[in-house]
Amino acid sequence: MSEATASESTNRPLSGRVAIVTGAARNIGRAIAVELGRQGADVVVNAQRSADEARETAALVEQAGGRALMHLADISNPEGAQSLVDAAVARFGRIDILVNNAAIRRESSFDELDWAQWREVTGVILDGAYLCAHAAAPWLRRSPAGAIVNIGGMSAHGGSAGRAHVIAAKMGLVGLTRGLAHDLSGDGVTVNCVVPGLIDTARGHSAQGTPAHHAKHSTLLGRRGTPQEVADLVAFLCGPKARYLTGQTMHANGGAYLG
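Under the UniProt record's numbering, think of the first position of the sequence shown as 1, with each following residue one higher.
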């Protein structure tokens, strides 16, 4: 291996890979998309309707050295998820990485939580992850290093008031991770779950202010995390040094929750 090739392998370990990142318009999703691009992947940036912000993410991916495609789709329904996968294959010819990050995190007391609110949240977080994984699975199975990373939530493990729908959906991702790890292992596809803790992010239209449960937690490290710190862990799980890790739930929370 030449010195230049060795450097490329070390600095851009995801070169030649194609990644889909759902909910990538801002915050953690954006940081993940950009980091995957920085490490050499071509990235499909998904958002439901935040077109301008998704374009900004795609531009940042390309500035980091990756190729990018912005694709708006509602991944809570089969047609939207399939259109996302089809767009990725049409542009890049393959899929190696799927990051299920899309989420709606509205808070509501259980007495006021109606069926429509329940389905809105669980439809994006849990149904969306299932639908994207199901649509992408045939392509991930063909990859020499297929990887799925589901993005969980700390409140799913410690509990919180006003978030029954979010907690149920995010804990469902843990179960989905374990099931898919078994089902896809025969083709070498790894499936893991990353659980961010208290992360400094800008709250979007799907969130309602700062979550109440954030005020009840502190970190052992004395600070909140950054989206980049979550992205670094996700990129590691997608890379060549994590091929023996699958079915795991990994917490990135500075010690706010010890699981």
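Each residue gets a CB set at the ideal place from its N, CA and C atoms; glycine is no exception.
As the structure is a prediction and not an experimental result, all values here were calculated from the model.
Asked                                                                                      : Found
Residues near Asn-11 by beta carbon distance below 6 Å, same chain, minus five either side : none
Inter-residue Cα distance where the pair is Ile-125 and Pro-138                            : 21 Å
Contact check, Ala-87 vs Leu-69, beta carbons under 9 Å                                    : yes
Pair within 9 Å by beta-carbon distance, Ala-102 and Gly-29                                : yes
Rounded separation between Asn-192 and Val-121 - CA only                                   : 21 Å
Pairwise C-alpha distance: Val-234 and Gly-247                                             : 14 Å
Straight-line Cα distance separating Gly-175 from Ile-97                                   : 19 Å
Proximity below 9 Å, CB of Leu-84 to CB of Asn-27                                          : no
DSSP three-state assignment for Ser-7, whether helix, strand or coil                       : Caution applies to Ser-7, whose pLDDT of 44 falls short of 50 and renders its modelled position unreliable; the value that the coordinates give is listed next. Helix at Ser-7.
Buried or exposed (CB count within 10 angstroms, at least 16 for buried), Leu-140          : buried
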